[in-house]
Amino acid sequence: MNAEARWDSFDPVAYVRKNYRTVLPVDAEIMAIVRAHFSDHFRRLPGLRVRGIDVGAGANLYPSFMMLPWCDEITLLDRARPNLHYLQQQLGTHDHGWDAFWRELCPDDAYATLPGGPWERLREVARVEQGDLRALVDRPEQWQLGTMFFVAESLSTAAEEFHEGVGCFLRSLEPGAPFAAAFMEHSEGCWVGETFFPACDVSEFDIRGSIEQFAEHLVIYRVGEPGEVRPGYTCMILACGFRRAGSSRTRG
Numbered sequence: 041m042n043a044e045a046r047w048d049s050f051d052p053v054a055y056v057r058k059n060y061r062t063v064l065p066v067d068a069e070i071m072a073i074v075r076a077h078f079s080d081h082f083r084r085l086p087g088l089r090v091r092g093i094d095v096g097a098g099a100n101l102y103p104s105f106m107m108l109p110w111c112d113e114i115t116l117l118d119r120a121r122p123n124l125h126y127l128q129q130q131l132g133t134h135d136h137g138w139d140a141f142w143r144e145l146c147p148d149d150a151y152a153t154l155p156g157g158p159w160e161r162l163r164e165v166a167r168v169e170q171g172d173l174r175a176l177v178d179r180p181e182q183w184q185l186g187t188m189f190f191v192a193e194s195l196s197t198a199a200e201e202f203h204e205g206v207g208c209f210l211r212s213l214e215p216g217a218p219f220a221a222a223f224m225e226h227s228e229g230c231w232v233g234e235t236f237f238p239a240c241d242v243s244e245f246d247i248r249g250s251i252e253q254f255a256e257h258l259v260i261y262r263v264g265e266p267g268e269v270r271p272g273y274t275c276m277i278l279a280c281g282f283r284r285a286g287s288s289r290t291r292g
């Protein structure tokens, strides 16, 4: 189970070196889709500032980049101490490889015209926080914009934990909040440095079923080819939508 996983053995530097050294085509496609999803929404609401959350932020900064133009605050939530240290470090002296990811967003003026660029803005609004995804629903506050990338299927091999994780993420958002969540379909787990991290084997059908009870205007995208990033999965699944009004926030 998640509590038994060796998250404090997670090596974020090795993870970034393996997965985010350059912008892969799958990342570029995901960013283009989410960029349009968020930008189209906020273009209809000029001047609106919101609170965003990236759940399981880990060592991937581009989900927070995608929320930057509209957020006065972004919570970067993670439970692993090495990831928290990495995130704090990036807010100080960042790895320049992330600049290429920001440039992928800049065809949209909301990103290209951001005063001070991504790093100044991220330092202003980001709040790195240690926490458990499943505890979000017990908190009084909710967020108006959210991302969760490759987290729910990585909690454990148990389908129950996967569905609980998806539900806790979506219930942490206010009704109407736009969100983007990404998953590895049929993941067999992965090695990060010298440590193996298992995963829950989930299909597009499983992912849709877990999300749609909490979402409206949901669109599911299949991105990439089998094993394009690493061996042991079929494709990436990207889900974009809005938190449904009226769906329960409490634990089921």
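Residue numbers (this note's numbering): 41 to 292.
Glycine is no exception: its CB is placed at the ideal position from the N, C-alpha and C atoms.
Leaving out five residues on either side along the sequence, give the residues of the same chain with a beta carbon under 6 Å from the beta carbon of Leu-176.
Translated into the one-based positions of the sequence shown, residue 176 becomes position 136. Cys-208 and Ser-212, listed in sequence order.
DSSP bridge partner residues for Met-188 (one or two, in chain order)
Mapped onto the sequence shown, residue 188 falls at position 148. When beta bridges are read from the DSSP output, Met-188 appears opposite Val-95 and Ala-221.
Bridge partners for Arg-84 per DSSP, in chain order?
Mapped onto the sequence shown, residue 84 falls at position 44. Assignment of beta-bridge partners to Arg-84 by DSSP yields no partner.
Looking at the structure shown, is Ser-49 part of a helix, part of a strand, or coil, going by DSSP?
On the sequence shown, residue 49 is found 9 positions in, with the first residue counted as 1. Helix.
Decide yes or no for the touch test of the stretch 244 to 264 against the stretch 45 to 60: beta carbon pairs closer than 8 Å, at least 3 of them.
Remark: fewer than three beta-carbon pairs, one from each stretch, lie closer than 8 Å, so the stretch 244 to 264 and the stretch 45 to 60 are not flagged as touching.
Residue burial classification, Arg-75 (beta-carbon count within 10 angstroms, cutoff 16):
If you number the sequence shown from 1, residue 75 lands on position 35. Looking at its Cβ environment, which holds 16 or more other Cβ atoms inside 10 Å, Arg-75 is buried.
Please identify the residue among Leu-108, His-134 and Ile-277 whose C-alpha is closest to the C-alpha of Asp-94.
Indexing the sequence shown from 1 puts residue 94 at position 54. Of the listed residues, the one whose Cα sits closest to Asp-94 is Leu-108.
Cβ neighbours of Ala-140 in the same chain (closer than 8 Å, five flanking residues each side left out):
Translated into positions along the sequence shown, residue 140 becomes position 100. Within the same chain, Ala-140 has close Cβ partners Thr-62 and Val-63.
Excluding the 5 residues preceding and the 5 following Thr-115 in the sequence, name in chain order all residues of the same chain whose CB lies nearer than 6 Å to its CB.
As a working note, residue 115 is residue 75 in the sequence shown. Counting only Cβ-Cβ distances below 6 Å, and skipping sequence neighbours, we find Ile-93, Arg-167 and Glu-169.
How would you label His-226, buried or exposed, when you count the other beta carbons within 10 angstroms and need 16 or more for buried?
For this step, residue 226 is matched to residue 186 along the sequence shown. His-226 should be labelled buried.
Closest by C-alpha distance to Val-66, when choosing among Gly-272, Arg-262, Cys-111 and Tyr-151:
Translated into the one-based positions of the sequence shown, residue 66 becomes position 26. Sorting Gly-272, Arg-262, Cys-111 and Tyr-151 by C-alpha distance to the C-alpha of Val-66 places Arg-262 at the top.
Could you tell me the alpha carbon to alpha carbon distance between Asp-172 and Gly-205, rounded to whole angstroms?
Here the question's residue 172 lines up with position 132 in the sequence shown. Here the question's residue 205 lines up with position 165 in the sequence shown. Here the C-alpha atom of Asp-172 lies approximately 10 Å from the C-alpha atom of Gly-205.
Look at the alpha carbon of Leu-185 and the alpha carbon of Pro-218, and state the distance between them as a whole number of angstroms.
Position 145 of the sequence shown, counted from the start, is the residue given in the question as residue 185. Position 178 of the sequence shown, counted from the start, is the residue given in the question as residue 218. Using only the alpha carbons, I get a separation of about 5 Å.
Within a Cβ cutoff of 7 Å, which residues of the same chain sit near Asn-42, ignoring the five residues on either side of it in sequence?
Taking the sequence shown and counting its residues from 1, one reaches residue 42 at position 2. At Asn-42 the pLDDT is 46, less than 50, meaning the model places this residue with poor confidence; the figure from the coordinates comes in the next sentence. Correct list, in chain order: Leu-195, Ser-196 and Glu-201.
For Ala-220, I'd like the list of residues in its chain whose CB is within less than 6 Å of its CB, leaving aside the five on either flank, ordered along the chain.
Along the sequence shown, one-based indexing puts residue 220 at 180. So the list reads Val-74, Thr-187 and Cys-280, once near-sequence residues are dropped.
Give me the Cβ distance between Ile-277 and Ala-239, rounded to the nearest whole Å; I'm assuming they're in contact under 8 Å.
Working through the sequence shown from its first residue, we reach residue 277 at position 237. Working through the sequence shown from its first residue, we reach residue 239 at position 199. 13 Å between Cβ atoms; not a contact.
As an exercise, report each continuous alpha helix (DSSP H) stretch of at least 4 residues that is fully enclosed by the stretch 111 to 159, in chain order.
Runs found: 121 to 132, 138 to 145 and 149 to 152.
Distance CB(Glu-193)-CB(Met-224) smaller than 8 Å
Residue 193 sits at position 153 when you count from the first residue of the sequence shown. Residue 224 sits at position 184 when you count from the first residue of the sequence shown. The Cβ atoms of Glu-193 and Met-224 sit closer than 8 Å to each other.
Return helix, strand or coil for Tyr-261, following the three-state DSSP convention.
Within the sequence shown, the letter at position 221 stands for residue 261. Annotated three-state conformation of Tyr-261 is strand, per DSSP.
Buried versus exposed call for Gly-249 [16 or more other C-beta atoms within 10 Å across all chains shown]:
Sequence index remark: in the sequence shown, residue 249 carries index 209 (1-based). Burial call: exposed.
Does the Cβ-Cβ distance between Glu-159 and His-134 come in under 8 Å?
In the sequence shown, counting from the first residue as 1, residue 159 sits at position 119. In the sequence shown, counting from the first residue as 1, residue 134 sits at position 94. It should be noted that the sequence gives Trp, not Glu, for residue 159. In this structure, Trp-159 sits near His-134, with a CB-CB distance shorter than 8 Å.
Rounded separation between Gly-286 and Pro-215 - CA only:
Sequence index remark: in the sequence shown, residue 286 carries index 246 (1-based). Sequence index remark: in the sequence shown, residue 215 carries index 175 (1-based). About 8 Å.
With a 10 Å radius around its C-beta and 16 neighbouring C-beta atoms as the bar for buried, classify Val-232 as buried or exposed.
The residue labelled residue 232 in the question sits at position 192 within the sequence shown. Residue environment: Val-232 is assigned as buried (16 or more neighbouring CB atoms within 10 Å of its CB, all protein chains considered).
According to the neighbour-count rule (16 or more other Cβ atoms, all chains shown, within 10 Å of its Cβ), is Leu-85 buried or exposed?
Position 45 of the sequence shown, counted from the start, is the residue given in the question as residue 85. Exposed.
State the Cα-Cα distance for the pair Phe-78 and Phe-236, rounded to the nearest angstrom.
Counting from one through the sequence shown, the residue named residue 78 turns up at place 38. Counting from one through the sequence shown, the residue named residue 236 turns up at place 196. Approximately 34 Å, taken between the alpha carbons.
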